[in-house]
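In what follows, a single structure is set out as structure tokens and then discussed.
Protein chains in written order, with my numbering: chain H, 101 to 155; chain Z, 1447 to 1688.
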């Protein structure tokens, strides 16, 4: 790449290149965020249940 | 060494192992991703035929590679769980399916966005594209079967059989570009032999593939922690953990 302009327009292929990267980023961010969220929720639920069982 | 492996296969031990490993692989993956993107999007020269459109390769090939590697990994883990009744292996298979499906989806979508400017169409029903779509449905089938039964062991067994049968699809995807006439270009990178690609283009691609690999390790570990916790919720070690 010689300039920012060339980078952003991708030699005329910007409409294909950038959406590809955007979708990949979105899918990878969701996949990075969901497992931790599931784990925290389950831990919270199990902790609550453990406390209810032994008052 | 063997005792270490033996210990690693026990869910309580693996739970802690995963907790320790995930941050390391996660950060290394992020660094590699930054290097790979800089190399691929900025440093690499435009392709002499495809111009800058070829840059989609830096997500398309790693995604496609992970979709197939992920499937064989999942099917082997499910098979071990089925044959030797190893609980952790079944959990590994269940944890790796969503990521594999995500990468298959990405390979299809980025391939489609690459196909439009190069072939003039988003989609053709040719061998490579169709077999990759079947791979996506195999992942969906596996996930649906795995959760379809009230007894998790039954779900593990049924989905493992589907995963093993679906392995047939992998060589079909791989050799589809050689066996049939297709719009899809032939392989660019060959392991151990000369590749049809210049170093400035190849190095970022290999960096991106490693980044995708480590990314997958990281979030399979996270999902695995969830799976272990869910499957072992009534055991004493979990009660001690809480």
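By construction, the Cβ of each residue, glycine as well, lies at the ideal position given by its N, Cα and C atoms.
- Under the 7 angstroms criterion on CB atoms, residue 142 of chain H is classed as interfacial with respect to chain Z.
- Neighbours of residue 120 of chain H across chain Z, judged by C-beta separation under 8 angstroms: 1502, 1505, 1506, 1555, 1556, 1559, 1560.
- Taken through DSSP and simplified to helix, strand or coil, residue 1602 of chain Z comes out as helix.
- Residue-level contact by beta carbon holds for residue 1668 of chain Z and chain H, with a gap shorter than 7 angstroms.
- Around the CB of residue 1461 of chain Z, 16 or more other CB atoms lie within 10 Å, so the residue is classed as buried.
- The region 1557 to 1569 of chain Z and the region 115 to 135 of chain H touch, with no fewer than 3 CB-CB distances between them shorter than 8 angstroms.
- With a minimum length of 4 residues, the unbroken runs of alpha helix (DSSP H) contained wholly in the region 1615 to 1683 of chain Z fall at 1615 to 1625, 1645 to 1677.
- In this structure, residue 1615 of chain Z sits away from residue 1605 of chain Z, with a CB-CB distance that is not shorter than 7 angstroms.
- Residue 1498 of chain Z sits in a helix when the DSSP states are folded into three classes.
- Measuring C-alpha to C-alpha distances from residue 1549 of chain Z to each of Z/1530, Z/1506, Z/1569 identifies Z/1506 as the nearest.
- For residue 1572 of chain Z, no pairing in a beta bridge is given by DSSP.
- For residue 1511 of chain Z, the enclosing alpha helix (DSSP H) has its first and last residue at 1503 to 1529.
- According to the DSSP assignment, residue 1550 of chain Z belongs to the alpha helix (DSSP H) that extends over 1533 to 1565.
- Contact between residue 1523 of chain Z and residue 1535 of chain Z holds, with the beta-carbon distance rounding to 5 angstroms and staying under 8 angstroms.
- Taking a contact as a CB-CB distance under 8 angstroms, the pair residue 1504 of chain Z and residue 1546 of chain Z does not count as one, their CB atoms being some 20 angstroms apart.
- Residue 1498 of chain Z is positioned such that its CB atom lies closer than 7 angstroms to that of residue 111 of chain H.
- The Cβ-Cβ distance between residue 1660 of chain Z and residue 1474 of chain Z falls below 7 angstroms.
- Here residue 1585 of chain Z is buried. Its C-beta has 16 or more other C-beta atoms within 10 Å.
- Contact between residue 1533 of chain Z and residue 1457 of chain Z holds: their C-beta atoms lie close to 7 angstroms from each other, under 8 angstroms.
- Less than 7 angstroms divides the Cβ of residue 1482 of chain Z from the Cβ of residue 1653 of chain Z.
- Going by beta carbons, residue 1543 of chain Z and residue 1514 of chain Z fall outside the 7 angstroms limit.
- Each residue's CA atom was taken as its position, placing residue 127 of chain H and residue 1478 of chain Z some 18 angstroms apart.
- In its chain, beyond the 5 residues on either side, 1489, 1490, 1491 have a beta carbon closer than 7 angstroms to the beta carbon of residue 1646 of chain Z.
- Residue burial is scored here from C-beta neighbours: residue 1674 of chain Z has at least 16 other C-beta atoms within 10 angstroms and is therefore classed as buried.
- In terms of CA proximity to residue 133 of chain H, Z/1662 leads the group Z/1520, Z/1613, Z/1662.
- For residue 139 of chain H, a Cβ of chain Z is located within less than 7 angstroms of the residue's own Cβ.
- From the beta-carbon of residue 1688 of chain Z, the residues of chain H found nearer than 8 angstroms are 143, 146, 147, 150.
- Leaving aside the five residues that flank residue 1670 of chain Z on each side, the residues in its chain whose CB is nearer than 7 angstroms to its CB run, in chain order, 1464, 1537, 1538, 1541.
- Chain Z places no beta carbon closer than 7 angstroms to that of residue 129 of chain H, leaving this residue out of the contacts.
- Taking 9 angstroms as the Cβ-Cβ cut-off, the region 1673 to 1686 of chain Z approaches chain H at 1675, 1676, 1679, 1684, 1685, given in chain order.
- Going by DSSP, residue 145 of chain H is part of the alpha helix (DSSP H) stretching over 114 to 153.
- Exclusion of the five residues before and after residue 131 of chain H leaves no residue of its chain whose Cβ lies closer than 8 angstroms to its Cβ.
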